[in-house]
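Numbering (the UniProt record's numbering), first residue to last: 1 to 102. To keep things clear, I will list the structure first and then write my remarks on it.
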């Protein structure tokens with residue numbers, strides 16, 4: 001299993017719109033083979049990024065998502081925020097899960 005953390009620096013005045021975007025998301029990822037879960041984490045300190053955290057059965061399953069038509073459709077709405085809503089480029093991190101609750 002892997003986790004994919006997309007760290008997205010959103011300026012404070014855009015937090016509500018950014019969060020609403022995820023509440024209203026298309027949900028196309030939910031039906032992808034190998035998809036496990038999606039969590040959107042709100043920062044508790046000014047200047048820290050949101051973290052969009054997904055879990056996948058394998059790296060291959062995640063890669064299949066990123067090259068799918070569903071990915072393109074799901075991200076087509078991501079342009080609703082202006083470029084100046086973001087204070088720096090996002091950072092994508094992929095980790096293997098080595099321990100989890102039983």
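Built from N, CA and C at the ideal position, the CB exists for glycine as well.
In this structure residue 44 is exposed. Its beta-carbon is surrounded by fewer than 16 other beta-carbon atoms within 10 angstroms.
Counting only residues of its own chain and dropping the five nearest sequence neighbours on each side, residue 49 has a CB closer than 7 angstroms to the CB of 7, 8, 9 and 43. Taking the Cα of residue 53 as reference, the smallest distance to any Cα among 29, 17 and 13 is reached at 29.
Put simply, the backbone Cα of residue 63 is about 27 angstroms away from that of residue 82. For the 7 angstroms CB-CB criterion, residue 32 and residue 97 do not form a contact.
Residue 56 places its beta carbon 7 angstroms or farther from that of residue 74. With fewer than 16 other Cβ atoms inside 10 Å of its own Cβ, residue 22 counts as exposed.
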